[in-house]
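**Student:** Please find one structure pasted underneath; my questions will follow.
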Amino acid sequence: MLDIKFIRENLEKVKTAAKNKNREVDFEKLLDLDEKHRSLTQEVEKVRAERNVISQQRTVNSKQLTDNSEQRTKGRELKEQLKRLEEGQKKITEELNLLLLTVPNVPHESVPVGKDASGNKEVAKWGNLPKFDFPPKDHITLAKDLDLVDFDRGVKVGGFRQYFLKNEGALLEMAVLTHAYRKIAKKGYIPLVAPSIVKEFTLLGNGQFPWGREEVYHLEKDNMYLAGTAEVPVTAYFSGEVLDERILPKKFVAFSSCFRREAGSYGKDTKGLYRLHQFNKVEQVIVTNNEEKQSLEFLEELRKNSEEILQDLELPYRVLLMCTGDMGEPQVKKYDIETWMPSRNAYGETMSDSFMGDFQARRLNIRYRTGKNVLQFCHTLNNTAIASPRILIAIFENCQREDGSITVPKVLQDFVGTDVITKR
RNA sequence: GGAGGGUUCGCCUAAUGGUAUGGCACUAGUCUUGAAAACUAGCGGGAGAAAUCCCUUACAGGUUCGAGUCCUGUACCCUCCGCCA
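Now the structure itself:
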């Protein structure tokens, strides 16, 4: 949510931002409500002031316990008047807040303006695409041939889009997660294992709600939710707290199991390991002060960390700077990192690197006290370190050999216990 | 599942239904060669050019001229018991 004051003072900027993000916002109504809200507030405050004067007069006389009926009558009248005014004010406030929720965050000036994914800008590319002098298999065939994933029994036990990772497939997942986790932790990020079951406020605070309710599993009996990413619990880690600026930035690397309903994507990627209801992810999260220049540097740092992990795995990838039309409401700037997936004959999204400004911190009420003893909202950022099994698609397919075996990336060989996965 | 206790500023803490205390921490200033100490002021949010005013005791209602305080409901935290592992 943006500050209404900021909107008022930067109207053109905010209007343009909404337009560029393809969001419809009724700014005329918003400003009208804002003005009504402020004038009503002034009226309410005036009546309250009168009321306060009366009860204070009484306070002075309280020892005498004289019953001044004139004051009481006046007080009752004011109470009635106040009640009416407050009802109107409450209604306006609610309308205003609802409308405020629809105002997206303002993208950074370095973000290209564009309608949709076609407006995204490729800013980096790494690695050579594999050239096969044999017909390459897709990851599903490879996984079945080598008994690395049991899709059928996964569905039998867990339903649509479920799976068992098996043998080296299972080891590979643990290996790739461990590699990323240890690597980022070595850079000084605080390792966390985060809860997947979370309260509603964490989702509202992160900006997943109210928009993405359909996407999130709800445990109705307990009124809890299953988080689709560790961003949710970890960004909410400091919610409601006031931090000392000297402890910032706080950098975290968090493991969690992630759950997504994938509602509305029934037709998409129904086969294989691309789109799943449950997966595991190592996520990087940074909570820092509100110096935008530094925050943007952190966005680059997070991007570099993830790129390094793909380079360790020797997987070809590219980095896209998302255009205004293809980024979410909360983001100020966002990169997607896509890894080459031969069966798709395309790059597929494997990581998402976002800077939110103070959008999330406002909603989660995460503040810090500056050296000047002033309270400010924090900035938040996050980026995927590694998400599996999706990354296994790239590993299986890029590292396959003519005989149907798969070479294990060097950095994972120790953990997996072999340098090549062959048919047993 | 049952019983009880709790939630006031970053932390601690006070308030017979009558102006939300006080301390610590923090910030600025005075003093000092510098620092510490001491002293002074500030230290939740909003409106306003300002004076000033309003709101703020977990949240939402109610009673009252007036609610941190009384009543109702909700959320969250803690303790004990039971059940399960």
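By numbering that gives the first Met the number 0, the letter at position 164 of the first sequence is numbered 163, and the numbering carries on one by one without gaps. No residue lacks a Cβ here, since even glycine has one placed at the ideal position from N, Cα and C.
Here's the rule: buried if 16 or more other CB atoms are within 10 angstroms of the residue's CB, otherwise exposed. What is S255?
**Tutor:** On the first sequence, position 256 is the one that residue 255 refers to. Buried.
**Student:** Quick one: Cα of T160 to Cα of T269, how far?
**Tutor:** Counted from its first residue, the first sequence places residue 160 at position 161. Counted from its first residue, the first sequence places residue 269 at position 270. Looking at the sequence itself, residue 160 is Arg, so the reference to Thr does not match. R160 and T269: Cα-Cα distance of roughly 7 Å.
**Student:** Would you check if the distance between the CB atom of N382 and the CB atom of P315 is smaller than 9 Å?
**Tutor:** Within the first sequence, residue 382 is the residue found at index 383, counting from 1. Within the first sequence, residue 315 is the residue found at index 316, counting from 1. In this structure, P315 does not lie closer than 9 Å to N382 by Cβ.
**Student:** Excluding the five sequence neighbours on either side, which residues of its own chain have a C-beta within less than 7 Å of the C-beta of G239, listed in chain order?
**Tutor:** Taking the first residue of the first sequence as position 1, residue 239 is located at position 240. Closer than 7 Å at Cβ, skipping near neighbours: N364.
**Student:** Three Cβ pairs or more, each shorter than 8 Å: is that satisfied between the segment 243-255 and the segment 173-187?
**Tutor:** Touching, per the Cβ criterion.
**Student:** Can at least three beta-carbon pairs, one atom from the segment 402-422 and one from the segment 169-181, be found at a separation below 8 Å?
**Tutor:** Touching, per the Cβ criterion.
**Student:** Quick check on the DSSP output: the beta strand (DSSP E) that includes R368 runs from which residue to which?
**Tutor:** As a working note, residue 368 is residue 369 in the first sequence. Run containing R368: R366 to R368, per the beta strand (DSSP E) assignment.
**Student:** Can you have a look at Q63 and say buried or exposed, based on whether 16 or more other CB atoms are within 10 angstroms of its CB?
**Tutor:** As a working mapping, residue 63 is identified with position 64 in the first sequence. Per-residue confidence for Q63 stands at a pLDDT of 43, beneath the threshold of 50, marking its modelled position as unreliable; no derived number is given.
**Student:** When you compare each of A142, A360 and L298 to F354 by their alpha carbons, which one comes out closest?
**Tutor:** Residue numbering aside, residue 354 sits at position 355 when the first sequence is read from its first letter. Minimum Cα distance to F354 is reached at L298.
**Student:** Is the beta carbon of T287 less than 9 Å from the beta carbon of T379?
**Tutor:** As a working mapping, residue 287 is identified with position 288 in the first sequence. As a working mapping, residue 379 is identified with position 380 in the first sequence. In this structure, T379 lies closer than 9 Å to T287 by Cβ.
**Student:** Give me whichever residues DSSP pairs with D352 in a beta bridge.
**Tutor:** Counting from one through the first sequence, the residue named residue 352 turns up at place 353. DSSP output for D352 lists Y334 and N382 as bridge partner(s).
**Student:** Quick check: what's the CA-CA separation for Q55 versus G206?
**Tutor:** The sequence position of residue 55 within the first sequence is 56, counting from 1. The sequence position of residue 206 within the first sequence is 207, counting from 1. One C-alpha to the other measures close to 44 Å.
**Student:** Which of the three DSSP states, helix, strand or coil, is assigned to S61?
**Tutor:** Numbered from 1 along the first sequence, position 62 holds the residue referred to as residue 61. Because S61 carries a pLDDT of 49, less than 50, the predicted location of this residue cannot be relied on, and the following value inherits that uncertainty. The answer is coil: DSSP assigns S61 none of H, G, I, E or B.
**Student:** Considering only DSSP beta bridges, list what M340 is partnered with.
**Tutor:** To locate residue 340, count along the first sequence from 1; it is residue 341. A345.
**Student:** By a C-beta neighbour count over all protein chains shown, 10 Å radius and 16 as the cutoff for buried, is G263 buried or exposed?
**Tutor:** In the first sequence, the residue the question calls residue 263 occupies position 264. Its Cβ having fewer than 16 others within 10 Å, G263 is exposed.
**Student:** Could you check whether the segment 17-34 touches the segment 94-111, counting it as contact only if at least three pairs of C-beta atoms, one from each stretch, sit closer than 8 Å?
**Tutor:** Touching, yes.
**Student:** If contact is defined by three or more beta carbon pairs under 8 Å, each pair taking one atom from either stretch, is the segment 333-347 in contact with the segment 384-397?
**Tutor:** Verdict: yes, contact present.
**Student:** Beta-carbon within less than 8 Å of S61's beta-carbon, same chain only, minus the 5 sequence neighbours each way: which residues are those?
**Tutor:** On the first sequence, residue 61 is found 62 positions in, with the first residue counted as 1. Here the model assigns S61 a pLDDT of 49, short of 50, so the residue's position is not dependable, and the following value carries that caveat. Result list for S61: empty, nothing under 8 Å.
**Student:** How should D402 be labelled, buried or exposed, when 16 other C-beta atoms within 10 angstroms of its C-beta is the threshold for buried?
**Tutor:** As a first step, residue 402 must be located in the first sequence, where it is residue number 403. Exposed is the call here.
**Student:** Let me check one thing: in DSSP terms, what residues is A424 bridge-paired to?
**Tutor:** A query on residue 424 cannot be resolved here, the shown segment of the chain reaching from 0 to 423 and no further.
**Student:** From V110, N119, L100 and K4, pick the residue whose C-alpha is nearest to that of K332; which is it?
**Tutor:** On the first sequence, position 333 is the one that residue 332 refers to. The candidate whose alpha carbon is nearest that of K332 is V110.
**Student:** Would you mind reading off the limits of the beta strand (DSSP E) that contains V122?
**Tutor:** Residue 122 sits at position 123 when you count from the first residue of the first sequence. Looking at the DSSP string, the run of the beta strand (DSSP E) that includes V122 is K120 to W125.
**Student:** Rounded C-beta distance between H36 and L95? I'm assuming under 8 Å.
**Tutor:** The sequence position of residue 36 within the first sequence is 37, counting from 1. The sequence position of residue 95 within the first sequence is 96, counting from 1. Indeed, because the Cβ distance is near 5 Å, the residues count as touching under 8 Å.
**Student:** Out of V122, E313, R7 and K267, which one is the CA nearest neighbour of L319?
**Tutor:** For the purposes of this step, residue 319 is taken as residue 320 along the first sequence, with counting starting at 1. Of the listed residues, the one whose Cα sits closest to L319 is V122.
**Student:** Let me check one thing: in DSSP terms, what residues is V318 bridge-paired to?
**Tutor:** In the first sequence, counting from the first residue as 1, residue 318 sits at position 319. Paired residue(s): A123 and I336.
**Student:** What distance in whole Å lies between the Cβ atoms of G118 and G324, which are believed to be in contact at a cut-off of 8 Å?
**Tutor:** One-based indexing of the first sequence puts residue 324 at position 325. One-based indexing of the first sequence puts residue 118 at position 119. Indeed, because the Cβ distance is near 6 Å, the residues count as touching under 8 Å.
**Student:** I'd like to check one pair, D352 with Y367: are the Cβ atoms closer than 9 Å?
**Tutor:** Residue 367 sits at position 368 when you count from the first residue of the first sequence. Residue 352 sits at position 353 when you count from the first residue of the first sequence. Cβ atoms of Y367 and D352: not closer than 9 Å.
**Student:** Which whole-angstrom value is the C-beta distance of L84 and L39, which I expect to be below 8 Å?
**Tutor:** The residue labelled residue 84 in the question sits at position 85 within the first sequence. The residue labelled residue 39 in the question sits at position 40 within the first sequence. Contact flag correct, Cβ pair sits at about 7 Å.
**Student:** Cα separation between E306 and I336?
**Tutor:** Locating residue 306 in the first sequence gives position 307, counting from the first residue. Locating residue 336 in the first sequence gives position 337, counting from the first residue. Taking the straight line joining both Cα atoms gives about 8 Å.
**Student:** Looking only at C-alpha atoms, which of A345, L141 and E86 sits nearest to G271?
**Tutor:** Position 272 of the first sequence, counted from the start, is the residue given in the question as residue 271. It is L141 whose Cα lies nearest to the Cα of G271.
**Student:** Using the rule of at least 16 other Cβ atoms within 10 Å of the residue's Cβ for burial, across every protein chain shown, is E213 buried or exposed?
**Tutor:** Within the first sequence, numbered from 1, the residue matching residue 213 stands at position 214. That one is exposed.
**Student:** If you check the beta carbons only, do V215 and L203 fall under 9 Å apart?
**Tutor:** Along the first sequence, one-based indexing puts residue 215 at 216. Along the first sequence, one-based indexing puts residue 203 at 204. Contact flag unset, no.
**Student:** Which value, in whole angstroms, describes the spacing of the CA atoms of V407 and L176?
**Tutor:** The residue given as residue 407 occupies position 408 in the first sequence. The residue given as residue 176 occupies position 177 in the first sequence. Using only the alpha carbons, I get a separation of about 14 Å.
**Student:** Among K114, F5 and K82, which residue has its Cα nearest to the Cα of M326?
**Tutor:** For the purposes of this step, residue 326 is taken as residue 327 along the first sequence, with counting starting at 1. Selected option, being the one with the closest Cα: K114.
**Student:** With distances taken Cα to Cα, identify the nearest neighbour of I53 among Q41, E42, V43 and E69.
**Tutor:** If you number the first sequence from 1, residue 53 lands on position 54. Of the candidates Q41, E42, V43 and E69, the one whose C-alpha sits nearest the C-alpha of I53 is E69.
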